[in-house]
Amino acid sequence: MFMLAGNVVYYWKEWRKRQIRRISDRVFERVKNQAARRNLTFEDLYIAVLLVYNDINKRLPGPHIDPPSKDQIRSIMKECDLNLDGEIDNNEFLKFIQRLTPDTISVVSRGLLVALVAAPTVAMAAKKATEGVPGVGRMVQKVPNSIYASLVTVATVWIQTSCEEIGD
């Protein structure tokens with residue numbers, strides 16, 4: 001069981017890296033082409049950040065996440081501008097996005113891990129625990145494991161989403 005969870009986490013991290021790379025490459029090319037420059041200035045970078053956060057909010061499940069402020073973007077831009085030319089190239093942009101989004105991605109990751117790994121495991125343990133309960137136990141045991149785990153997972157995601165909306 002622990003090995004399966006470890007593999008899921010590993011594949012999730014790799015999938016996440018690929019998604020960030022795809023998003024950053026696509027956004028960099030789009031903004032670069034619109035600006036008709038090889039690299040991104042601060043203004044271009046700000047537009048790119050808005051587009052990246054739009055993609056993250058559309059493609060990755062979880063709560064809506066607001067982009068950082070212009071001051072935060074300026075600060076991270078200075079850290080990621082390795083050649084100190086005041087512009088960001090494609091490789092610097094990937095580093096910029098990775099530096100900018102770890103908290104965002106961890107929020108999404110936490111929700112997905114709970115929904116996709118923990119909830120089905122808890123569901124099966126709960127089903128096993130109901131075996132000795134008169135009336136309810138027999139009814140729960142008749143439900144196929146896959147359907148029971150799916151129902152508990154959907155309920156968990158629904159509760160998680162409701163709690164996030166209440167917190168906002």
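Residue numbers (UniProt numbering): 1 to 168. Glycine residues also receive a C-beta, built at the ideal position from the N, C-alpha and C atoms.
Do residue j and residue i come within 9 Å of each other at the CB atom, strictly closer than that value?
i, j, result
"proline 120", "valine 140", "no"
"isoleucine 23", "tyrosine 46", "no"
"leucine 94", "isoleucine 20", "yes"
"valine 52", "aspartate 44", "no"
"phenylalanine 28", "methionine 77", "no"
Since residue i sits in a beta bridge, which residues does DSSP pair it with?
i, result
"isoleucine 88", "Leu40"
Short of 7 Å in beta carbon distance, which residues of its chain neighbour residue i, apart from the five on each side in sequence? Order them along the chain.
i, result
"glycine 137", "Thr130 and Glu131"
"aspartate 89", "Asn39"
"alanine 149", "Pro120, Ala123 and Met124"
"leucine 50", "Pro67"
Who are the near neighbours of residue i in its chain, counting only those whose CB is closer than 6 Å to its CB and skipping five residues on each side?
i, result
"histidine 64", "Asn57"
"glycine 86", "none"
For residue i, which residues in the same chain have their Cβ closer than 8 Å to its Cβ, ignoring the five residues on either side in sequence?
i, result
"alanine 126", "Val152"
"asparagine 145", "Met124 and Lys127"
**OP:** Pick out the complete alpha helix (DSSP H) segments inside the region 121-146, 4 residues or longer, and give them in chain order.
**Re:** Here the runs fully enclosed are 136-142.
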